[in-house]
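Numbering (this note's numbering), first residue to last: 1 to 272.
Each residue gets a CB set at the ideal place from its N, CA and C atoms; glycine is no exception.
On a predicted model such as this, the values are computed, not experimentally measured, just so you know.
The structure appears right after this line, and notes come after that.
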Amino acid sequence: NQTLQEGFAVVVRTFEILETKADIVDKPGARELPPVSQGIEFRDVSFQYDAQPVLEHITLKVPVGRIIAIVGGSGAGKSTMANLIPRFYDVTSGAILIDGVDIRDVTIRSLRSQISMVTQEIILFNDSIRHNIAYGSMDKSDEEIRASAEAAHAHDFIMDNPGGYDAVIGEHGVKLSGGQKQRIAIARALLKNAPILILDEATSSLDSKAEAEVQVALERLMEGRTTFIIAHRLSTIKKADRIIVLSEGRIAEQGTHGDLMASRGEYHKLYT
1 NQTLQEGFAV VVRTFEILET KADIVDKPGA RELPPVSQGI EFRDVSFQYD
51 AQPVLEHITL KVPVGRIIAI VGGSGAGKST MANLIPRFYD VTSGAILIDG
101 VDIRDVTIRS LRSQISMVTQ EIILFNDSIR HNIAYGSMDK SDEEIRASAE
151 AAHAHDFIMD NPGGYDAVIG EHGVKLSGGQ KQRIAIARAL LKNAPILILD
201 EATSSLDSKA EAEVQVALER LMEGRTTFII AHRLSTIKKA DRIIVLSEGR
251 IAEQGTHGDL MASRGEYHKL YT
C-alpha cells in the first residue's frame, strides 16, 4: 500500500505537467516555414517579463550564413534575445522575421526544426551515447551518428569507453567530463543539421584545455550556418562577422572586433 501511494503521488505530479497548457501555440492557419534562404530580422523588437522590460527596440538584420555574437553584462538580455528566435517566448512588440515571414505566422514545429541549440547546461539522459546523440533525430543511421561524432571530435573518447557508442553515460551524463558532454551536444546539433544555430555560453563552464578542444568542434559546427553566439569569454568571438553589444536591453554598439576595440566604447571596456 505504501508503494502504491507513492506511485499515485508521482502520477499526480506527472499529469499536472502533461496537462499544462503551453503559452506559445500555433495561430489558426499557421503555415510551414520553408528552409531559410535569406536571413533573420529583428524589427523593432521589445520584450518584457512580468511587466519588467528586458529588451527595447532591437532592430537587426542577419543575412544567411553570418556569425553574430551577442555580448554584454549580466542581465543585459543576451539569452532572452536568442530565446525569442525559437519562440520560447513571444515578443511584446515588434516582430522577428525569417526570410520576411513573421515567425508567429508559421508552425512551431517547422520553425524549431530549423534551429539547433548548444547551451551551457547540456541535457543528457541515462542512456547510451548513441541515443543521446540521436535525441530528436532518431531516424538517423549509425553511420550518420558516427560521422557527426567524428566531426564533433567526440569519436575517440567514445571508443575509449567500454561499450563505445552503446556505453550508458549515467544521469545527466555523470560519467563524462564537461568537455565530453559539450562535444556530445555538438554531435547532436551536427546530426540535426539545422541551418540556424544558437550557442548560449557553450564553453563558459570549461577549463582552458577542454575549451580549446570544444572550440575546434564548434568552428566545424558553425560552417555554413546562420549562428548566434552568446559569450562571456570574449576571446571566443573574435571571428564573428558582427558583434552586438547589449546594455540594459538595448543595442549600445555593433561592429567587428577590430572596429569596436578601436572605438574604445562599451565593448572595449568589457574586453579589457
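Whole-angstrom Cβ separation of residue i and residue j, contact assumed at under 8 Å?
i    : j    : result
T226 : I196 : 5 Å
V118 : A202 : 5 Å
A82  : D207 : Contact flag wrong, Cβ pair sits at about 25 Å.
I184 : I96  : Rounded, the Cβ-Cβ distance is 29 Å, inconsistent with contact.
G77  : D44  : No, G77 and D44 are not in contact; Cβ-Cβ is about 15 Å, not under 8 Å.
L191 : I133 : 6 Å
Using only the alpha-carbon positions, how far apart do residue i and residue j sit?
i    : j    : result
L84  : L111 : 12 Å
G164 : E211 : 23 Å
K238 : I67  : 11 Å
E219 : A167 : 27 Å
P63  : I243 : 14 Å
I230 : V106 : 26 Å
K209 : L176 : 15 Å
T20  : T14  : 10 Å
E56  : D259 : 24 Å
S148 : H172 : 21 Å
G179 : Q114 : 25 Å
K27  : V71  : 33 Å
S137 : A189 : 10 Å
S263 : G29  : 48 Å
F88  : Y135 : 19 Å
E143 : V216 : 22 Å
I6   : N126 : It should be noted that the sequence gives Glu, not Ile, for residue 6. Distance between the alpha carbons of E6 and N126: 23 Å.
E253 : L18  : 43 Å
V10  : G39  : 45 Å
R31  : D102 : 11 Å
With distances taken Cα to Cα, identify the nearest neighbour of residue i among the options.
i    : options                : result
D156 : H131, A187, H172       : A187
I24  : P86, E266, R183        : P86
E223 : I198, D207, R233, L206 : I198
S247 : S74, S37, A262         : S74
A240 : G255, R264, G72        : G255
L234 : V216, Y267, L206, E213 : Y267
R250 : G170, F42, M117        : F42
T92  : I184, L18, T80         : T80
H131 : I122, E121, I145, Q120 : I145
L60  : M138, Q120, I98, R31   : I98
K181 : L124, G136, G65, A134  : L124
R104 : E143, L33, S116        : L33
V36  : E121, G100, A252       : G100
H232 : G39, G170, Y271        : Y271
V174 : E121, D139, A152, I108 : E121
H153 : I169, N161, E213, P53  : E213
F360 : D90, F8, A151, E16     : Residue 360 lies beyond the stretch modelled for the chain, which goes from 1 to 272, so this question has no answer here.
Quick one: is residue i near chain B, going by C-beta distance under 8 Å?
i    : result
I133 : The structure shown contains no chain B; it holds only a single protein chain.
Answer yes or no: the CB of residue i versus the heavy atoms of the ligand NAP, is any distance below 7 Å?
i    : result
S137 : The ligand NAP is absent from the structure shown, which contains no ligand whatsoever.
DSSP on residue i, reduced to helix/strand/coil?
i    : result
G72  : strand
T14  : helix
T274 : No statement about residue 274 is possible, as the shown extent of the chain runs from 1 to 272 and does not include it.
S128 : strand
Start-end ranges of the alpha helix (DSSP H) lying completely within the segment 181-267, minimum 4 residues: Segments of the alpha helix (DSSP H) lying fully in the segment 181-267: 208-222, 257-263.
Any alpha helix (DSSP H) of 4 or more consecutive residues that is wholly inside the segment 29-117: 78-83, 108-112
Residue ranges of each alpha helix (DSSP H) within the segment 141-172, 4 or longer: 142-151, 155-160
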